[in-house]
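A short write-up of the structure that comes next.
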Amino acid sequence: LLHHLSHDDLQKYGLIPEFVGRLPVVVTLDQLDQASLVRILTEPKNALVRQYERFFDMDGVELSFTPEALESIAEQAIAEATGARGLRTVVEDLLLDVMFEVPGRPEVKKCVVNADTVRRGERPLLLNDQGLAVEYEAIRRRDGRLATRQESA
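Take any residue in the sequence shown, count from 1 to its spot, add 81: that is its number in the numbering used here.
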């Protein structure tokens with residue numbers, strides 16, 4: 082129905098003719114679906130995922146998103162009704178702590194964002210050069226000192 086919208090329809094809706102006359106073309110847009118949002122995250126030349134990959138690369142860390150994580154990010158943007166503009170907010174919220182953690186951690190070589198990171202609020206996986214998980218500094222600290230492995234468990 083919206084695809085057949087005319088200038089007369091806009092006036093009937095309540096817009097004044099002087100304003101409607103300044104709209105040379107009336108176009109309607111379809112709501113973005115999950116697949117479209119995933120494409121927006123990954124395909125453009127300056128895609129959001131690529132921006133964050135380059136950001137992490139400056140610290141020698143490879144950032145990767147699982148396909149399920151990308152789908153979950155898109156689902157969250159749809160649920161929040163923020164569309165493509167909300168994708169940056171979702172990704173920023175996921176990576177904010179990690180972006181402060183990684184620069185001081187030379188042993189971290191890879192950061193993996195998976196579906197649990199998005200859906201359950203778990204931290205992204207930090208891996209060393211052998212692919213083993215690296216603990217977060219905030220988890221290792223207790224009362225201003227480094228906790229032993231037994232204390233942090």
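Here a beta-carbon is modelled for each residue, glycine too, at the ideal position from N, C-alpha and C.
Sequence-distant residues of its chain with Cβ nearer than 6 Å to residue i (five each side left out)
i: T170; result: none
i: A234; result: The pLDDT assigned to A234 is 39, lower than 50, so where the model puts this residue is not dependable, and the model offers no usable value.
i: D224; result: Reliability of the predicted coordinates at D224 is poor, the pLDDT of 44 falling under 50, and the value obtained from them is presented with this limitation in mind. For D224, where only same-chain residues beyond five positions count, there are no Cβ hits under 6 Å.
i: L151; result: V119, L122
Short CB-CB distance (under 8 Å) between residue i and chain D
i: E152; result: Here chain D cannot be found, since the structure has a single protein chain.
Residues near residue i in its chain [Cβ-Cβ closer than 8 Å; skip 5 each side]
i: E99; result: none
i: V179; result: C192, R204, P205, L207
Secondary structure of residue i, DSSP reduced to three states
i: A162; result: coil
i: L213; result: coil
i: V189; result: coil
Exposure of residue i, with buried meaning 16 or more beta-carbon neighbours within 10 Å
i: Q241; result: Nothing about residue 241 can be read from this structure; the chain reaches only from 82 to 234.
i: F181; result: exposed
Candidates the options, of which the one nearest residue i by Cα
i: G164; options: L110, F181, L118, I97; result: L118
i: D140; options: V189, L104, A155; result: V189
Which runs of the alpha helix (DSSP H), 4 residues or longer, sit entirely within the region 83-154?
88-94, 98-101, 115-123, 129-138
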